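Asks: Going down the list, the sequences are from chains A and B. Going from the first sequence to my numbering is simple: count from 1 and add 24. Going from the second sequence to my numbering is simple: count from 1 and add 24. Can you read through this structure? Questions will come right after.
Protein chains: 2
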Amino acid sequence: MINSTLIQDWFKQLQTDICTGLEDLDGSASFGTDNWLRAEGGGGCTRVINGQTIEKGGVAFSAVTGQAGEKMIKTLQIETNIAPEELNFLATGVSIVLHPRHPLSPIIHMNVRYFELSDGTWWFGGGIDLSPHYVDATLAIRFHQQLKEACDAHNADFYPQFKTWADKYFYLSHRQESRGVGGIFFDRLNDKTTGLDKNQLWAFVKQIGQTFVPAYRTQIEATRHLPFDDTHLHWQSLRRSRYVEFNLVWDRGTHFGLQTNGRTESILMSMPPQATWIYDYQPAADSPEAKTLDYLKNVQNWL
Amino acid sequence: MINSTLIQDWFKQLQTDICTGLEDLDGSASFGTDNWLRAEGGGGCTRVINGQTIEKGGVAFSAVTGQAGEKMIKTLQIETNIAPEELNFLATGVSIVLHPRHPLSPIIHMNVRYFELSDGTWWFGGGIDLSPHYVDATLAIRFHQQLKEACDAHNADFYPQFKTWADKYFYLSHRQESRGVGGIFFDRLNDKTTGLDKNQLWAFVKQIGQTFVPAYRTQIEATRHLPFDDTHLHWQSLRRSRYVEFNLVWDRGTHFGLQTNGRTESILMSMPPQATWIYDYQPAADSPEAKTLDYLKNVQNWL
Chain A
25 MINSTLIQDW
35 FKQLQTDICT
45 GLEDLDGSAS
55 FGTDNWLRAE
65 GGGGCTRVIN
75 GQTIEKGGVA
85 FSAVTGQAGE
95 KMIKTLQIET
105 NIAPEELNFL
115 ATGVSIVLHP
125 RHPLSPIIHM
135 NVRYFELSDG
145 TWWFGGGIDL
155 SPHYVDATLA
165 IRFHQQLKEA
175 CDAHNADFYP
185 QFKTWADKYF
195 YLSHRQESRG
205 VGGIFFDRLN
215 DKTTGLDKNQ
225 LWAFVKQIGQ
235 TFVPAYRTQI
245 EATRHLPFDD
255 THLHWQSLRR
265 SRYVEFNLVW
275 DRGTHFGLQT
285 NGRTESILMS
295 MPPQATWIYD
305 YQPAADSPEA
315 KTLDYLKNVQ
325 NWL
Chain B
25 MINSTLIQDW
35 FKQLQTDICT
45 GLEDLDGSAS
55 FGTDNWLRAE
65 GGGGCTRVIN
75 GQTIEKGGVA
85 FSAVTGQAGE
95 KMIKTLQIET
105 NIAPEELNFL
115 ATGVSIVLHP
125 RHPLSPIIHM
135 NVRYFELSDG
145 TWWFGGGIDL
155 SPHYVDATLA
165 IRFHQQLKEA
175 CDAHNADFYP
185 QFKTWADKYF
195 YLSHRQESRG
205 VGGIFFDRLN
215 DKTTGLDKNQ
225 LWAFVKQIGQ
235 TFVPAYRTQI
245 EATRHLPFDD
255 THLHWQSLRR
265 SRYVEFNLVW
275 DRGTHFGLQT
285 NGRTESILMS
295 MPPQATWIYD
305 YQPAADSPEA
315 KTLDYLKNVQ
325 NWL
């Protein structure tokens, strides 16, 4: 049976492999490395790149441990007979956000994570989702196909369930629009919630992690040689502001991290290199920008 | 005795007066006007400027009414014997955020507001605070003197109390720094909490509203002719990202508004024209930027 040490080690290696893959994809820059320790237990390694293809990107590994405490037990709505201060937790995973320089290339996010408590509670969570500045239906479909293939290898229900979950999660209520073209999102996967055992779920999570680089390569290679002008860059910058809004207002992980003394620079490595806000901006009718908004305002069934 | 109709009318006129004052200060642009209605009751008028001195600024008036409901009563922790669905509320006020083009000029924020319930509950709230991209102690002191004068005309305890309140409120815990050089912040002022009657408190709130333009004029006139270069603009853009972080992560009004179907464009008129994020950015030792961070990381008693 897989155990938490093996999971952590594999996540750490995944970070290395993904960084190597992304350096190859970028073709110009390499990742810096920031190792950090957490006073209460555990630590992490945050790796950041500022490249030619990836204007600003971060790939973060962490394995955080400590006393669970009342706030965590309450926030996570965990039912247990053990007192919160007698419970220890481990949270480990890899998180990625990449902001490409090319306005026709999409922003991408991935997270794979594992959580356990000393009372035997455990689960996996994670997801991958794509936020194009300009939605290209063919590329959105290709992305969803790659995710569906990874899911279908483990459980035929996963893709439809986790696609719907992503549509719900990556949604800016205050804008009434999706963050992007979605992807998959899943949380609290364990034997009870899925019927699959720990080894089976771990195999699924590993495959999601391994799907990341090839999936993003598909998107980058299809877009990075396309011509663009200042109109595209301006729109990219406006879309980046929506990414900021989602992460700071709605993303539960970001919020929880910032309000519980998490490592700020690692949490906010998801921020774009820059962003623009214009009061009540409306793209011209029938423009490519308006078409993208149309896609974002109406959740799509890509497959 | 002052009543809610007179308060609303005065706030609406304050918006007009402030916009006129700011157009004069800007010297190049005028405010646009967006009137809006709220389906559940009331509405507002959002006025936005993109000028030479004020790169992006908004002056918003609103007077929103409706059924209070359980969520509002709970959020505001109101003790009442009347059922939430039988209570009506009125919330009215003026909110301002101005982002100047010149990196040595400060961002400024003001809010004056009045809230009442149909059971007789009422209070005033508001504040003014200054967020310089570069802290100039002389100008911070001048700003606080202007606020102290306005407060002292009504109650000698107000300035020290409300200055401390602002230091607490306009604080980015996740950065361990203040949003700026502070100012004053106050909430739930009524006869019970202050010992002043409604007319007296209204006179105070009116004076705060009237202090805004002259106080900002002092800051702008002292800074707008100073030379600057790309280093200043770069730092301005980084500081603007902190302003975004405060408003989207910590500001209760913004959060409450976005999560309760408020008018998004009016709430987010506070966003800067653009902002920059750099992973783990550290200004050079002893630079003006480092000196500013020093001020922000250590709350000052300016007077």
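The C-beta atom is built at its ideal place from N, Cα and C for all residues, glycine as well. Note that this is a predicted model, so its numbers are computed, not measured.
Using the three-state DSSP reduction, which class does residue 296/B fall into: helix, strand or coil?
Replies: In the second sequence, counting from the first residue as 1, residue 296/B sits at position 272. Note: residue 296/B maps to coil in three-state DSSP.
Asks: For a quick check, are the C-beta atoms of residue 136/A and residue 232/A less than 8 Å apart?
Replies: Position 112 of the first sequence holds residue 136/A. Position 208 of the first sequence holds residue 232/A. Yes. Within cutoff.
Asks: Out of curiosity, what's the CA-to-CA distance linking residue 34/A and residue 48/A?
Replies: On the first sequence, residue 34/A is found 10 positions in, with the first residue counted as 1. On the first sequence, residue 48/A is found 24 positions in, with the first residue counted as 1. Each residue's alpha carbon lies about 21 Å from the other.
Asks: Would you report the Cα separation of residue 194/A and residue 263/A, rounded to the nearest angstrom?
Replies: Translated into positions along the first sequence, residue 194/A becomes position 170. Translated into positions along the first sequence, residue 263/A becomes position 239. If you take the alpha carbons of residue 194/A and residue 263/A, they lie about 14 Å apart.
Asks: Run through the DSSP bridge pairs and tell me what residue 41/A is partnered with.
Replies: Taking the first sequence and counting its residues from 1, one reaches residue 41/A at position 17. Looking at the DSSP assignment, residue 41/A forms no beta bridge with any residue, so it has no partner.
Asks: Given this structure, state the Cα-to-Cα distance separating residue 78/A from residue 122/A, to the nearest angstrom.
Replies: Against the first sequence, residue 78/A aligns to sequence position 54. Against the first sequence, residue 122/A aligns to sequence position 98. Rounded to whole angstroms, residue 78/A to residue 122/A spans 6 Å at the Cα level.
Asks: Indicate whether at least one CB of chain B lies closer than 8 Å to the CB of residue 8/A.
Replies: This structure does not reach residue 8/A, given that chain A is present from 25 up to 327, and the question cannot be answered.
Asks: Taking only three categories from DSSP, how would you classify residue 46/B?
Replies: Here residue 46/B corresponds to residue number 22 of the second sequence, with the count starting at 1. Here residue 46/B sits in helix by DSSP.
Asks: Near residue 289/B, which residues of its chain fall below 6 Å by C-beta distance, leaving aside the five closest residues on each side in sequence?
Replies: Looking up residue 289/B in the second sequence gives position 265. So no residue of the chain qualifies.
Asks: Would you kindly check if the distance between the Cβ of residue 208/B and the Cβ of residue 277/B is under 8 Å?
Replies: Within the second sequence, numbered from 1, the residue matching residue 277/B stands at position 253. Within the second sequence, numbered from 1, the residue matching residue 208/B stands at position 184. Going by C-beta atoms, residue 277/B is not nearer than 8 Å to residue 208/B.
Asks: Report all residues from its chain with a CB closer than 6 Å to the CB of residue 302/B; omit the five preceding and five following residues, and keep chain order.
Replies: Mapped onto the second sequence, residue 302/B falls at position 278. For residue 302/B, where only same-chain residues beyond five positions count, there are no Cβ hits under 6 Å.
Asks: Using CA coordinates, which residue listed in 292/A, 267/A, 297/A and 259/A is at the minimum distance from residue 308/A?
Replies: On the first sequence, position 284 is the one that residue 308/A refers to. Of 292/A, 267/A, 297/A and 259/A, the residue nearest in Cα terms is 259/A.
Asks: Is there a Cβ of chain B sitting closer than 8 Å to that of residue 301/A, yes or no?
Replies: In the first sequence, counting from the first residue as 1, residue 301/A sits at position 277. Closer than 8 Å: yes.
Asks: So residue 115/A is in the beta strand (DSSP E); what residue range does that whole segment cover?
Replies: Counting from one through the first sequence, the residue named residue 115/A turns up at place 91. It spans 112 to 124 - the beta strand (DSSP E) in which residue 115/A sits, taken as one unbroken run.
Asks: Whose C-beta lies closer than 6 Å to the C-beta of residue 319/B among residues of the same chain, with five residues either side of it excluded?
Replies: On the second sequence, position 295 is the one that residue 319/B refers to. Excluding positions up to five away in sequence, the list reads 159.
Asks: Assuming residue 323/A is part of the alpha helix (DSSP H), what are its boundary residues?
Replies: By 1-based counting over the first sequence, the position of residue 323/A is 299. Unbroken run through residue 323/A: none, as it is neither H nor E.
Asks: Does DSSP put residue 165/A in a helix, a strand or coil?
Replies: Your numbering for residue 165/A matches position 141 in the first sequence. In the structure shown, residue 165/A sits in a helix (DSSP, three-state: H, G or I).
Asks: Is the Cβ-Cβ distance between residue 42/B and residue 229/B less than 8 Å?
Replies: Counted from its first residue, the second sequence places residue 42/B at position 18. Counted from its first residue, the second sequence places residue 229/B at position 205. Going by C-beta atoms, residue 42/B is not nearer than 8 Å to residue 229/B.
Asks: Beta-carbon separation of residue 133/A and residue 248/A under 8 Å?
Replies: As a first step, residue 133/A must be located in the first sequence, where it is residue number 109. As a first step, residue 248/A must be located in the first sequence, where it is residue number 224. Not in contact: residue 133/A and residue 248/A (Cβ atoms no closer than 8 Å).
Asks: Please list, in chain order, the chain A residues whose beta carbon lies closer than 8 Å to that of residue 82/B.
Replies: For the purposes of this step, residue 82/B is taken as the residue at position 58 of the second sequence. Here the neighbours are 303.
Asks: Have a look at 220/B, 64/B, 156/B and 243/B and flag the residue whose alpha-carbon is nearest the alpha-carbon of residue 256/B.
Replies: Indexing the second sequence from 1 puts residue 256/B at position 232. Here the closest residue by C-alpha is 156/B.
Asks: Could you pull the start and end residues of the beta strand (DSSP E) that residue 25/B belongs to?
Replies: Residue numbering aside, residue 25/B sits at position 1 when the second sequence is read from its first letter. It is not in any beta strand (DSSP E) - residue 25/B carries neither H nor E in the DSSP assignment.
Asks: In chain order, what residues of the same chain have a beta carbon less than 6 Å from the beta carbon of residue 281/A, not counting five sequence neighbours either side?
Replies: Counting from one through the first sequence, the residue named residue 281/A turns up at place 257. Closer than 6 Å at the Cβ level, and outside the excluded window around residue 281/A, lie 291.
Asks: Name the chain A residues that come within less than 8 Å of residue 289/B, Cβ to Cβ?
Replies: Position 265 of the second sequence holds residue 289/B. What residue 289/B touches in chain A: 303 and 304.
Asks: With 16 as the cutoff for other CB atoms within 10 Å, does residue 172/A come out buried or exposed?
Replies: The residue labelled residue 172/A in the question sits at position 148 within the first sequence. Looking at its Cβ environment, which holds 16 or more other Cβ atoms inside 10 Å, residue 172/A is buried.
Asks: Can you tell me which residues form a DSSP beta bridge with residue 69/B?
Replies: Taking the second sequence and counting its residues from 1, one reaches residue 69/B at position 45. Answer is 59/B and 85/B, bridged to residue 69/B.
Asks: Would a check of beta-carbon distances place residue 268/A closer than 8 Å to chain B?
Replies: By one-based count along the first sequence, residue 268/A stands at place 244. Yes - at least one Cβ of chain B is within 8 Å of the one on residue 268/A.
Asks: Please decide whether residue 124/A counts as near chain B, where near means a Cβ-Cβ distance under 8 Å.
Replies: For the purposes of this step, residue 124/A is identified with residue 100 of the first sequence, where counting begins at 1. Answer no: the Cβ-Cβ gap between residue 124/A and chain B never drops below 8 Å.
Asks: Could you check whether the Cβ of residue 282/B sits closer than 8 Å to any Cβ belonging to chain A?
Replies: Looking up residue 282/B in the second sequence gives position 258. Chain A contact via Cβ: present.
Asks: Under a CB-based cut-off of 8 Å, is residue 296/B close to chain A?
Replies: Here the question's residue 296/B lines up with position 272 in the second sequence. Yes, its Cβ sits closer than 8 Å to a Cβ of chain A.
Asks: Of all the residues that make up the segment 175 to 200 of chain A, which are near chain B by a beta-carbon distance shorter than 8 Å?
Replies: Those residues of the segment 175 to 200 of chain A that come within reach of chain B (Cβ to Cβ, closer than 8 Å) are 197, 198 and 199.
Asks: Is it true that the CB of residue 251/A sits closer than 8 Å to the CB of residue 80/A?
Replies: As a first step, residue 80/A is located in the first sequence; it is residue number 56 there, counting from the start. As a first step, residue 251/A is located in the first sequence; it is residue number 227 there, counting from the start. For residue 80/A and residue 251/A, no; Cβs fall outside 8 Å.
Asks: For residue 284/B and residue 198/A, what's the separation of their Cα atoms in angstroms?
Replies: As a working note, residue 284/B is residue 260 in the second sequence. As a working note, residue 198/A is residue 174 in the first sequence. Residue 284/B and residue 198/A: Cα-Cα distance of roughly 9 Å.
Asks: Tell me the residue span of the alpha helix (DSSP H) that contains residue 138/B.
Replies: Reading the second sequence from its first residue, position 114 is the one you call residue 138/B. Element bounds for residue 138/B: not the alpha helix (DSSP H) but the beta strand (DSSP E), 130 to 141.
Asks: Using DSSP with H/G/I as helix, E/B as strand and the rest coil, what is residue 171/B?
Replies: Within the second sequence, numbered from 1, the residue matching residue 171/B stands at position 147. Helix, per DSSP.
Asks: Would residue 82/A and residue 294/A qualify as a contact pair, given that the criterion is a beta-carbon distance under 8 Å?
Replies: Counted from its first residue, the first sequence places residue 82/A at position 58. Counted from its first residue, the first sequence places residue 294/A at position 270. Taking 8 Å as the Cβ cut-off, residue 82/A and residue 294/A qualify as a contacting pair.
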